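Novice: In the numbering used here, the protein residues as written are 1 to 287. We put the beta carbon where it would ideally sit given N, CA and C, even for glycine. Please read all numbers here as calculations on a predicted model, not as lab measurements.
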Ligand SMILES: [Fe+2]
Ligand SMILES: [Fe+2]
């Protein structure tokens, strides 16, 4: 039992080249709302799905190179999370408060993946406004929100996030015993993936890879109309399109965004469970 109460995902950050190149996919195709950023760095774009979870595309600081990804868990209390992480010997690399009163703290997992623990958004008035490209200024107007009503795909929520790891037991010990996530049975055949359930029903998937391959990092987003999403993405000619069926009856569509980031869309049907069991290291079998 740790002192960290994770409520779900606050946001999933994707390193991108430029907003002109990549934001149209997230805003105009996946239908995410562009909302004012609550940080000073102009490279960070804040977008939001129906559930409130956000995707933050972050522009590269060096032309031709992408930055690093990170993942933000939502927590009830950032100060309790910091106390608990420090008690486990985890170093907090930075922490603070954003314009809207959201508190945050960053750590690295044992593979060097950046993780953030963040409290809820909009804890106080901020007066920030943005244009449809997410360029944000301190303004007087009401909070601005730019969303395409006729986007072909509607992303509803974050179903899971996949994070690359190299050494399974070391990574599980961190996510299970320090962060306090609960292992649940994996609903795919491959042994390399450990599934964790979050309190709001979303999941973290740790994916064993040789070198912690950055392309493995991805968000899995529930869409309203899965077959329609397949059509749309196929018409886009996106790279690395792959469609798969999971053992829980959900379907998944994988593809790359314009910068080569791995994106997954998941069908909206209820997941079947109860026919698989996992051991303490996430190895799963049918019962
Ligand atoms: Fe973040
Ligand atoms: Fe996935």
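#1: Can you tell me which of the three DSSP states residue 27 falls into?
#2: Is residue 108 helix, strand or coil when you go by DSSP?
#3: Measuring CA to CA, which of 248, 55 and 101 is closest to residue 16?
#4: Note down, one range per segment and in chain order, each alpha helix (DSSP H) of at least 4 residues found wholly within the segment 25–113.
#5: Between the alpha carbons of residue 98 and residue 82, how many angstroms are there, rounded?
#6: Let me know if residue 128 comes out buried or exposed under the rule of 16 or more other beta-carbons within 10 Å of its beta-carbon.
#7: What are the start and end residues of each continuous beta strand (DSSP E) run of 3 or more residues lying completely inside the segment 162–229, in chain order?
#8: For residue 109, which residues of its own chain have a beta-carbon under 8 angstroms away from its beta-carbon, when the five flanking residues on both sides are left out?
#9: From 21, 26, 10 and 3, pick the residue whose C-alpha is nearest to that of residue 264; which is it?
#10: Please classify residue 36 as buried or exposed, where buried requires at least 16 other C-beta atoms within 10 Å of its C-beta.
#11: Please report the Cβ distance between residue 10 and residue 118, rounded to the nearest whole angstrom; I am assuming they are in contact, meaning their Cβ atoms lie under 8 angstroms.
#12: Tell me which residues share the same chain as residue 90 and place their Cβ nearer than 6 angstroms to its Cβ, disregarding the 5 neighbours each side in the sequence.
#13: Near ligand 2, which residues have their beta-carbon closer than 5 angstroms to a heavy atom?
#14: So, at 6 angstroms on beta carbons, what are the nonlocal neighbours of residue 72 in its own chain, with the 5 sequence-adjacent residues on each side left out?
#15: Could you give the DSSP three-state label for residue 280: helix, strand or coil?
#16: Less than 6 angstroms separating the Cβ of residue 13 from some heavy atom of ligand 1?
#17: Just checking my contact of residue 271 with residue 250 at CB under 8 angstroms: how many whole Å lie between their CB atoms?
#18: Count the other C-beta atoms from every protein chain shown that fall within 10 angstroms of the C-beta of residue 234, then say buried if there are 16 or more, exposed otherwise.
#19: With DSSP collapsed to three states, give me the class of residue 5.
#20: State the beta-bridge partners of residue 136 as determined by DSSP.
#21: Name, in chain order, the residues that DSSP records as bridge partners for residue 157.
Specialist: Reading from the atomic positions:
#1: Your numbering for residue 27 matches position 27 in the chain shown. Residue 27 falls in the helix class under three-state DSSP.
#2: Numbered from its first residue, the chain shown carries residue 108 at position 108. DSSP, read as helix, strand or coil, puts residue 108 in strand.
#3: On the chain shown, residue 16 is found 16 positions in, with the first residue counted as 1. When only C-alpha atoms are compared, the closest one is 55.
#4: Counting only runs of 4 or more, we get 78–87.
#5: On the chain shown, position 98 is the one that residue 98 refers to. On the chain shown, position 82 is the one that residue 82 refers to. Taking the straight line from one Cα to the other gives about 17 angstroms.
#6: Translated into the one-based positions of the chain shown, residue 128 becomes position 128. The residue in question, residue 128, is buried, as its Cβ has 16 or more Cβ neighbours within 10 Å.
#7: 182–184, 193–197, 203–208 and 218–223
#8: Against the chain shown, residue 109 aligns to sequence position 109. Within the same chain, residue 109 has close Cβ partners 115, 163, 165, 171, 174 and 175.
#9: By one-based count along the chain shown, residue 264 stands at place 264. Measuring from the Cα of residue 264, the nearest candidate turns out to be 26.
#10: Reading the chain shown from its first residue, position 36 is the one you call residue 36. Label assigned to residue 36: buried.
#11: The residue labelled residue 10 in the question sits at position 10 within the chain shown. The residue labelled residue 118 in the question sits at position 118 within the chain shown. The C-beta distance from residue 10 to residue 118 rounds to 4 angstroms, short enough to fall under 8 angstroms.
#12: Taking the chain shown and counting its residues from 1, one reaches residue 90 at position 90. For residue 90, where only same-chain residues beyond five positions count, the Cβ hits under 6 angstroms are 107.
#13: 162, 220 and 264
#14: Against the chain shown, residue 72 aligns to sequence position 72. 10, 11, 116 and 118, listed in sequence order.
#15: Numbered from 1 along the chain shown, position 280 holds the residue referred to as residue 280. In this structure, residue 280 counts as coil in the three-state DSSP scheme.
#16: As a first step, residue 13 is located in the chain shown; it is residue number 13 there, counting from the start. Within the cutoff, so yes.
#17: The residue you call residue 271 lines up with position 271 of the chain shown. The residue you call residue 250 lines up with position 250 of the chain shown. At roughly 5 angstroms, the Cβ-Cβ gap stays under 8 angstroms, so residue 271 and residue 250 are in contact.
#18: Walking along the chain shown from the start, residue 234 turns up at place 234. Per the 10 Å Cβ criterion, exposed.
#19: Position 5 of the chain shown, counted from the first residue, corresponds to residue 5. If DSSP states are grouped into helix, strand and coil, residue 5 belongs with coil.
#20: Stepping through the chain shown from its first residue, residue 136 is reached at position 136. DSSP lists 130 as partners of residue 136.
#21: To locate residue 157, count along the chain shown from 1; it is residue 157. Paired residues: 222.
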